Amino acid sequence: MGTKPSSTNRSDATSTLETAHINRIKKKNHYIYDQYGNNPMDPVGPIGLIALNGTRELTARVNDKLKERRQAYHPYLNQNSSSQEKTGFIRDDYRISTSLIRFDTGEGKAYISDTVRGHDIFILVDVLNYSCTYSYYGKDKPMSPDEHLQDLKRVIAACSGKSRRINVIMPYLYEGRQHKRSGRESLDCAYMLEELVRLGVDNIITFDTHDPRVFNAVPLTPFESIPSTYQIIKCLFKRVDDLKLNQNKLMIVSPDEGGINRAMYYSSLLNAPLSTFYKRRDYRRVVNGRNPIIAHEYLGSDCNNADILIIDDMISSGDSMLDIAKELKKRNAGRVYCCSGFTLFTDGLDRFDQAYADGYIDGVIGTNLIYLNPELVERPWFACADFSKFLALLVDAINHDASLSPLVDPTEKIKKRIAEYIERHQ
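What follows is the structure, encoded as structure tokens:
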């Protein structure tokens with residue numbers, strides 16, 4: 000028989016374990032970003048938000064959320080007294096006044112009115128914003144993605160050598176669909192990333208990248224591709240209050256094999272079966288730079304009376320999305336919701352209006368990460384997931400050089416949101 004440990008020894012052991020646990024917490028907390036306030040690391044420098052043409056409204060919302068966080072959230076201030084004392088940490092406006100000028104010849108220049116010296120600069124760019132126009136030889140011309148990218152490079156050049164650090168937030172990654180080479184063609188996305196790094200960009204942040212492996216073009220530069228999953232699910236739950244979770248009445252559908260991983264994530268979190276479609280193409284012809292789709296072949300289980308979430312990274316023309324919705328309805332599917340981080344609608348809204356009127360779709364969930372046509376926002380079938388608060392948290396975390404894992408990986412927050420939804424509607 001061994002000697003029974005005394006109560007004093009047990010107390011000492013417990014005290015030692017508690018001390019070790021506290022030390023582990025302290026060691027962890029010095030780099031973990033807590034959106035509720037526990038962020039002891041000092042900021043890199045004063046934040047400077049620069050809005051390129053087409054992002055001024057979103058940047059204004061991000062600025063308001065950032066100001067609200069730093070001025071009104073008292074636990075954050077109490078736990079960051081050293082940060083408060085840093086010059087420029089708390090301000091009424093974090094935006095840097097910038098002018099992007101276009102001449103009638105199409106040439107341009109960037110001019111920064113405010114100082115950027117010593118600042119941690121965050122540049123927001125929406126390369127798909129076609130609402131931005133300029134006079135070109137007397138004609139009104141919408142800006143193309145190439146012109147937005149050129150403006151971005153001009154602003155980076157104007158900041159280089161003066162700012163403490165340059166971070167680019169490009170929600171829709173320029174030429175993101177040109178992520179791999181097949182034959183004699185360009186790799187525009189990879190070239191763009193390499194050029195930004197050569198210009199002195201320190202961090203690149205994007206969302207729902209078509210293929211995140213494109214970051215291999217700049218393996219030594221921090222590159223974050225953040226999923227829009229949490230905000231989309233949050234928006235969906237707000238819009239639809241009678242989804243049958245955990246009752247085999249919800250199905251996740253990927254429109255093609257390329258997006259299967261994204262759909263698998265939704266399927267796992269929502270505990271819903273996963274199905275997909277296979278695009279049968281005509282490889283004998285090329286139309287608009289691609290082989291035309293002959294048919295969408297369904298691969299999956301019975302979807303009879305099940306609500307459907309079609310998950311994709313973008314809705315471009317929307318042809319594939321609507322074809323899939325019709326195929327699902329032929330199989331007696333219930334309600335059909337199209338969920339996408341980027342809702343482009345390059346062929347207009349008429350076909351979606353008709354599909355909604357005919358009962359093929361019941362709603363579309365998108366985000367405000369890119370420009371949204373005012374006519375789209377007014378449609379009864381469209382719901383928008385707001386990212387302004389998340390972007391403010393992201394800017395704040397990067398400014399503290401903190402780990403982004405709690406923000407970038409939304410799994411725990413989604414699980415909590417799902418549990419709340421089930422409890423509220425069971």
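All residue numbers for the sequence shown refer to numbering that gives the first Met the number 0, where the first residue is 0 and numbers rise by one. Note that the Cβ used here is the ideal one computed from N, Cα and C, for glycine as well. On a predicted model such as this, the values are computed, not experimentally measured, just so you know.
In terms of Cβ geometry, Leu198 and Ala262 do not form a close pair [threshold 9 Å]. Under DSSP, the beta-bridge partners assigned to Phe276 are Tyr297. In the DSSP assignment, Glu422 falls within the unbroken alpha helix (DSSP H) covering Thr410 to His424. Per DSSP, Arg153 is one residue of the alpha helix (DSSP H) stretching across Pro144 to Cys158. For the pair Leu151 and Leu186, the CB atoms are not nearer than the 9 Å cut-off.
Rounded to whole angstroms, Lys161 and Asp125 show a C-alpha spacing of 24 Å. Setting aside the 5 residues that flank it on each side, Arg238 is surrounded in the same chain by Gly362, Ile364 and Ala382, each with a C-beta closer than 8 Å to its C-beta; the list follows chain order.
In this structure the segment 168-181 does not lie against the segment 229-245, because fewer than three pairs of beta carbons, one per stretch, are closer than 8 Å. Between Leu249 and Asn128, the alpha-carbon positions lie close to 34 Å from each other.
Counting along the chain, Cys337 sits inside the beta strand (DSSP E) bounded by residues Val335 to Thr342.
Cβ contact annotation for Asp119 (same chain, cutoff 6 Å, sequence separation greater than five): Val43, Gly44, Ile46, Arg163, Arg164 and Asn398, in chain order.
CA-CA distance, Asp349 to Ser224, rounds to 32 Å. Residue burial is scored here from C-beta neighbours: Asp306 has at least 16 other C-beta atoms within 10 angstroms and is therefore classed as buried. The C-beta distance from Asp400 to Arg68 rounds to 17 Å, too long to meet the 8 Å contact threshold.
Rounded to whole angstroms, the gap between the alpha carbons of Glu56 and Asp301 is 44 Å.
Put simply, of Ala271, Trp380 and Leu123 the residue whose alpha carbon is nearest the alpha carbon of Phe386 is Leu123. Partner residues in the beta bridge of Val363, as assigned by DSSP, are Cys337 and Phe381. Ser112 counts as exposed, since fewer than 16 other beta carbons sit within 10 angstroms of its beta carbon. According to the DSSP secondary-structure assignment, Ala271 is paired through a beta bridge with no residue. Asp346 sits in coil when the DSSP states are folded into three classes, being neither helix nor strand.
In this chain, Lys243 is not harboured by any beta strand (DSSP E), its DSSP state being neither H nor E.
Separation of Pro409 and Thr97 (C-alpha to C-alpha, rounded to the nearest whole angstrom) is 34 Å.
It is roughly 6 Å from the alpha-carbon of Leu390 to the alpha-carbon of Val61. Counting other Cβ atoms within 10 Å of its Cβ, His424 stays below 16 and is therefore classed as exposed. Contact check for Leu48 against Leu65 passes: the beta carbons are separated by less than 9 Å.
Here the alpha carbons of Met191 and Glu296 stand approximately 35 Å from one another.
CA-to-CA, the gap between Asn331 and Asn304 works out to about 6 Å. An exposed status is given to Ile421, since fewer than 16 other beta-carbon atoms sit within 10 Å of its beta-carbon. Bounds of the alpha helix (DSSP H) holding Phe389 are Ser387 to Asn398.
Between the C-alpha atoms of Val213 and Ser319 there is a straight-line separation of about 24 Å. Only residues of its own chain outside the window of five on either side were considered, and among them Asp187 and Cys188 have a CB closer than 6 Å to the CB of Glu174, listed in chain order. Taking 9 Å as the cut-off, the beta carbon of Val252 is found closer than this to the beta carbon of Leu273. Only residues of its own chain outside the window of five on either side were considered, and among them Pro254, Gly258 and Ser339 have a CB closer than 6 Å to the CB of Asp311, listed in chain order. A check of alpha carbon separations from Leu219 across Glu193, Asp240 and Glu374 identifies Glu193 as the nearest. Rounded to whole angstroms, the separation of the alpha carbons of Leu403 and Arg94 is 23 Å.
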